[in-house]
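2 protein chains.
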Amino acid sequence: MTAPGMIFTHVDCASCPIRHRAVCARCDADELAELDSIKYYRTFEAGQTVVWSGDQMDFVASVVDGIATLSQTMEDGRTQMVGLLLPSDFVGRPGREEAAYDVTATTKLTMCCFRKGPFEKLMVTTPHIAQRLLEMTLDELDAAREWMLLLGRKTAREKIASLLSIIARRNANINAPGGGLPGVTFDLPLTREAMADYLGLTLETVSRQISALKKDGVIHLEGKRTVTIPDFDRLLDETGDDADGGILA
Amino acid sequence: MTAPGMIFTHVDCASCPIRHRAVCARCDADELAELDSIKYYRTFEAGQTVVWSGDQMDFVASVVDGIATLSQTMEDGRTQMVGLLLPSDFVGRPGREEAAYDVTATTKLTMCCFRKGPFEKLMVTTPHIAQRLLEMTLDELDAAREWMLLLGRKTAREKIASLLSIIARRNANINAPGGGLPGVTFDLPLTREAMADYLGLTLETVSRQISALKKDGVIHLEGKRTVTIPDFDRLLDETGDDADGGILA
DNA sequence: ACGCGACTTTGATTGAGGTCAAAAAGTAAT
DNA sequence: ATTACTTTTTGACCTCAATCAAAGTCGCGT
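Residue numbers (this note's numbering), protein chains in the order written: chain A, -15 to 233; chain B, -15 to 233.
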């Protein structure tokens, strides 16, 4: 996952967008050293909570390895996932003291953290960090709005198909033609319940719709978590999106 | 709506966040002149479309007066509103050629536009514009995520109550106690259909839920568009949010 | 291998909100 | 005022997904 065109060869934080995209792209050794000095790694086990909504959060971070979720919970326990953090995604809001969402590791998770105070100072003195962060935030906003369309207007089947196609796009290994099943295979990094929380459904409905897609031959399952998509276009037809697959592509 | 602490007295674009929040806060006359030179105003009638998703969009802009909506449409016509632009809100994405959403004026609308090329150049040379834009984008992201919770998990009644409380907070005139009905009165700037598109409902359901809230005394209606909220806390109880009213407050 | 807990599937039933249809109220032009 | 059009309300019915319930699978530690 090394960024093309990267010049520093001693970079050890392979998925960190601050270094790769914002810093390394400009190749300023001083900045790199500054970032290094405020950087530290944290790891979490699957199921562990990184921060609770409302907690003090004295760092910003980017995901190096593993998957985390952002979610909001209502008083009565209804919860909605509002973001999925994959490697290279950024979390935390410069200028805000308290976490706005629950952040939970769904797999073993490694994050590259930056202490917030120093990071904010660095943002002021290093303009292209803010510019890179703006780009990333705009991408997230687009993704959130795409998700609003899904939550507000798609059927359960379309929601599942959309989620599968997004995970596939971000995670998939395309099988060499002729070796095993043709198509795209990947592991679902989420439980049925987490998928339900993401899609605004119940876990039973998720399970039913996955079964239905399997019965209809749109997907194949090995075990509960390993999915093969024999014909990606067929899956895309089920998403309700237009041909190009939407903003998240 | 003049920002407190603003120093320039000759500012004529009263609701423009780029000038008020990003530029005026730093008080740099040169920047102000530069922004002025790439700035122009456009007005639209209620119902007019500002841009269609996919169109070339050679400007960024902020809303000076009136209300606009951002929406996404599926092939088969299902549409979901993904943002509501009130005065001082920013629209347009630096670094992107094509509009990602349909932008529609729902009332008479005045926008303060900046040509995109020059604006982007200005962003590079004027760091705090990017920083201010980052702040605004992060706010929008929070709002979008709050809306994801609404779309995914709230009941129709809670959705209506949430929308009313948001519009009330942004638009309301608090009546002097003793004069007329106590409470908060405002005009709905949206048709039932637009509300439905925002809330992921049908217009019939919107109408029914508004009628129900009226019957239950949570709101009063004069005509179809003028709403009075006799007891704001009562309305908040109906939103499903916790007491402080959530992120959008 | 066994048992336990977590996760998943499937079935039966219910209900909130969608759909279709028609009437009522509001708005604007002649 | 009358007409024509748009917006809103209300009614009857239906459907999709939620809910309640039970059984089946998987993974893991002893």
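A virtual CB, placed ideally from N, CA and C, is assigned to each residue, including glycine.
| Item | Value |
| --- | --- |
| Residues that W36 of chain A contacts on chain B, provided the C-beta gap is smaller than 9 Å | None at all; the shortest Cβ gap to chain B is about 14 Å. |
| Pair within 7 Å by beta-carbon distance, L135 of chain B and M132 of chain A | yes |
| Test: M120 of chain A CB closer than 7 Å to a CB of chain B | no |
| Anticipated Cβ contact below 8 Å, F98 of chain A with F170 of chain A, distance rounded | That pair is no contact at about 30 Å. |
| Within chain B, the residues that E124 of chain A reaches when beta carbons sit closer than 8 Å | L125 |
| Cβ-Cβ separation, Q193 of chain B to I151 of chain B (assumed contact under 8 Å), whole Å | Contact doesn't hold; Cβ gap of about 15 Å is too wide. |
| Sheet register partners of Q40 of chain A (DSSP bridge) | A:E82 |
| contact_flag[the segment 102 to 118 of chain B, the segment 15 to 34 of chain B] where n(CB pairs < 8 Å) is 3 or more | yes |
| Interface residues of chain B facing P111 of chain A [CB-CB closer than 7 Å] | P111, A114 |
| Rounded C-alpha distance that separates P214 of chain A from D226 of chain B | 45 Å |
| Collapsed DSSP secondary structure at S55 of chain A in the structure displayed | strand |
| Contact set between A145 of chain A and chain B, taken where Cβ atoms lie within less than 8 Å | Correct list: empty, because the minimum Cβ distance to chain B is about 13 Å. |
| Any C-beta of chain A under 7 Å from that of V75 of chain B | no |
| 7 Å Cβ cut-off: residues of chain B touching R176 of chain A | Near R176 of chain A there are no residues of chain B at all, since even the closest Cβ is about 16 Å away, more than 7 Å. |
| Buried versus exposed call for Q237 of chain B [16 or more other C-beta atoms within 10 Å across all chains shown] | No information on residue 237 of chain B is available, as it lies outside the stretch -15 to 233 that chain B covers here. |
| As assigned by DSSP and simplified to three states, the class of S149 of chain A | helix |
| C-alpha gap between E59 of chain B and L185 of chain B, whole angstroms | 18 Å |
| Min CB distance Q193 of chain B to chain A below 7 Å | no |
| For Q64 of chain A, the three-state DSSP class (helix, strand or coil) | strand |
| Coil, strand or helix - V108 of chain B by DSSP | helix |
| Cβ pair count under 8 Å reaching 3, the segment 118 to 132 of chain B against the segment 45 to 53 of chain A | no |
| Per-residue DSSP class, three states only, for T90 of chain A | coil |
| Coarse secondary structure for V190 of chain A, derived from DSSP in three states | helix |
| Chain-order list of residues whose beta-carbon lies under 7 Å from that of T57 of chain B (same chain, five-residue window excluded) | T63, D86 |
| Close Cβ partners of T255 of chain A (< 8 Å) along its chain, the five nearest in sequence each way excluded | There is simply no residue 255 of chain A to check, as chain A begins at -15 and stops at 233 in what is shown. |
| Cβ-based burial, A30 of chain B [other Cβ within 10 Å; buried from 16] | exposed |
| Contact check, R154 of chain B vs L205 of chain B, beta carbons under 7 Å | no |
| Range of the contiguous beta strand (DSSP E) that encloses R209 of chain B | No beta strand (DSSP E) contains R209 of chain B, which DSSP labels as neither H nor E. |
| Cβ of A6 of chain B within 7 Å of any chain A Cβ | Caution is warranted here: a pLDDT of 41 is assigned to A6 of chain B, below 50, making its placement in the model unreliable, and no coordinate value can be reported. |
| In DSSP terms, what D318 of chain B is bridged to | Residue 318 of chain B is absent from the structure shown; chain B starts at -15 and stops at 233. |
| Where the segment 61 to 72 of chain B meets chain A: residues whose CB sits under 9 Å from a CB there | R62, T63, Q64, M65, V66, G67 |
| For L205 of chain B, the residue or residues it bridges with in DSSP | B:V211 |
| Any chain A beta carbon closer than 7 Å to R218 of chain B | no |
| The segment 35 to 55 of chain A: positions lying closer than 8 Å to chain B by Cβ | L54 |
| Reduced DSSP secondary structure (H/G/I, E/B, other) of D221 of chain B | helix |
| Residues sharing a beta bridge with V35 of chain A, DSSP | A:V87 |
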